[in-house]
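The C-terminal residue of the sequence shown carries number 331 in the numbering used here, and the numbering is unbroken.
The structure appears right after this line, and notes come after that.
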Amino acid sequence: MVTTLAEGLTVNQSQVSCALRQQALEGRRIPRMSSGGTMPSFAPYDPNPRADGFIANRFLTWVRPQEYYFHCMTGREGLVDTVVKTSRSDYLQHCLVKHLEELKVGYDHTVRDGGDVVVQLLYGEDDIHPTKAAQFDGSSTTLQYMARNHVILHSLDLLLILLKQTTNISSCLKMVLPNCLKTVSFVYGMKLKFGGEWRRGALCRERHSANITKDYSRELFDIKYMENGTKASEAPLEIELNYAGGRNILVASSNCTLISQDAIDPILSDISKERGNNEI
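In structure tokens form, the structure reads like this:
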């Protein structure tokens with residue numbers, strides 16, 4: 052039952068098979084009465100550990116009456132604390148639910164209320180799911196993910212400052228995006244079908260996961276694709292397409308972004324060689 056997490060803990064298993072050990076009442080050993088003894092069964096000021104609530108026996112064999120009484124004393128304290136704390140925690144949970152029931156997380160990772168007003172730009176201010184945060188370990192992959200997440204958060208703050216000063220979103224993105232692209236950062240990059248010139252007609256339609264191996268003054272990047280390990284040198288962030296759009300097709304911009312930021316989830320993805328998995 053303990054191994055399968057159905058019921059009980061390891062300490063319950065040890066109490067059955069090994070010993071009940073020292074009993075604690077209000078964080079201390081069993082207090083003594085005015086006569087100097089913990090129970091009439093023991094002499095006043097008896098130095099024996101058994102007289103102070105230490106139980107060397109186990110449930111599997113037998114427990115002496117005095118030891119059983121000590122165990123009931125500590126069990127009653129835990130029962131009272133459970134009843135009292137349950138009412139307080141239930142009331143606190145009720146208050147939190149009533150005050151937060153209108154908040155929701157949108158598809159753009161923002162937290163908004165019932166009036167569609169932004170409360171947080173990122174859920175929890177770090178955009179990390181609480182159920183997955185407990186699975187973070189001290190591996191290099193986890194630390195790299197948290198470092199990339201930290202860079203993105205600072206870039207969003209910079210983007211908000213720039214948007215307050217100007218309404219040109221594309222120019223703001225050009226200033227913020229290079230700050231997110233660091234060496235050994237994970238990105239989505241386009242591939243060349245042939246040749247070495249980044250131009251229209253030579254690009255593949257789909258994007259591929261890659262990481263940056265070299266940074267040329269935040270304008271040109273050398274990237275390495277994760278699928279087969281191929282490399283591309285001096286890839287720009289974006290290029291301008293000639294003859295973009297037509298009479299019947301309207302386009303918002305003639306610029307084509309070649310490299311975009313990709314924050315890989317360390318729980319679902321692992322590229323560390325130590326774990327024997329080099330695929331995303």
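Even glycine gets a Cβ: it sits at the ideal position worked out from N, Cα and C.
Treat the numbers as computed from the prediction; the structure is a model and nothing was measured.
Same chain, Cβ closer than 6 angstroms to residue i, five either side skipped, listed in chain order
i: SER284; result: ASP273
i: LEU254; result: MET241
i: THR112; result: none
i: MET80; result: The identity of residue 80 in the sequence shown is Arg, whereas the question assumes Met. Hits under 6 angstroms: ASP103, GLY104.
Beta-carbon spacing of residue i, residue j below 8 angstroms
i: PRO95; j: GLY88; result: yes
i: ILE106; j: GLN144; result: no
i: ALA333; j: LYS275; result: Because the chain spans 52 through 331 in this model, residue 333 falls outside it and cannot be assessed.
i: ILE290; j: ARG256; result: no
i: CYS146; j: ARG109; result: no
i: LEU71; j: MET124; result: no
i: VAL148; j: TYR174; result: no
i: MET90; j: GLN117; result: yes
Beta-carbon proximity list for residue i, same chain, < 8 angstroms, skipping 5 on both sides
i: GLY165; result: GLU153
i: GLY78; result: none
i: VAL114; result: LEU71, ILE106, ASN108, HIS122
i: SER86; result: PRO95
Buried or exposed (CB count within 10 angstroms, at least 16 for buried), residue i
i: GLN66; result: buried
i: LEU60; result: exposed
i: ALA286; result: buried
i: MET277; result: buried
For residue i, the first and last residue of its enclosing alpha helix (DSSP H)
i: ASN63; result: 61 to 68
Beta strand (DSSP E) segment containing residue i, residue limits
i: VAL170; result: 169 to 171
i: ASP177; result: Here ASP177 belongs to no beta strand (DSSP E), and DSSP marks it neither H nor E.
i: LEU287; result: In the sequence as presented, Leu is not what sits at residue 287; that position holds Pro. Where PRO287 is concerned, the enclosing beta strand (DSSP E) stretches over 282 to 287.
i: ASN306; result: 306 to 308
Beta-carbon contacts of residue i that lie in its chain and below 7 angstroms, excluding the five residues immediately before and after
i: PHE93; result: ALA102
i: ASP97; result: GLY88
Worksheet item: Which ranges would you report for the beta strand (DSSP E) in the segment 123 to 160 if only whole runs of at least 3 residues count?
Response: The segment 123 to 160 contains no complete beta strand (DSSP E) run of 3 or more residues.
Worksheet item: What are the uninterrupted segments assigned as beta strand (DSSP E) that are 3 or more residues long and contained completely in the segment 236 to 279, given in chain order?
Response: DSSP runs (the beta strand (DSSP E)) wholly in the segment 236 to 279: 237 to 243, 254 to 267, 271 to 276.
Worksheet item: Curious, which full-length beta strand (DSSP E) runs of at least 3 residues does the segment 73 to 132 contain?
Response: As summarised for the segment 73 to 132, there are no continuous beta strand (DSSP E) elements at least 3 residues long confined to that stretch.
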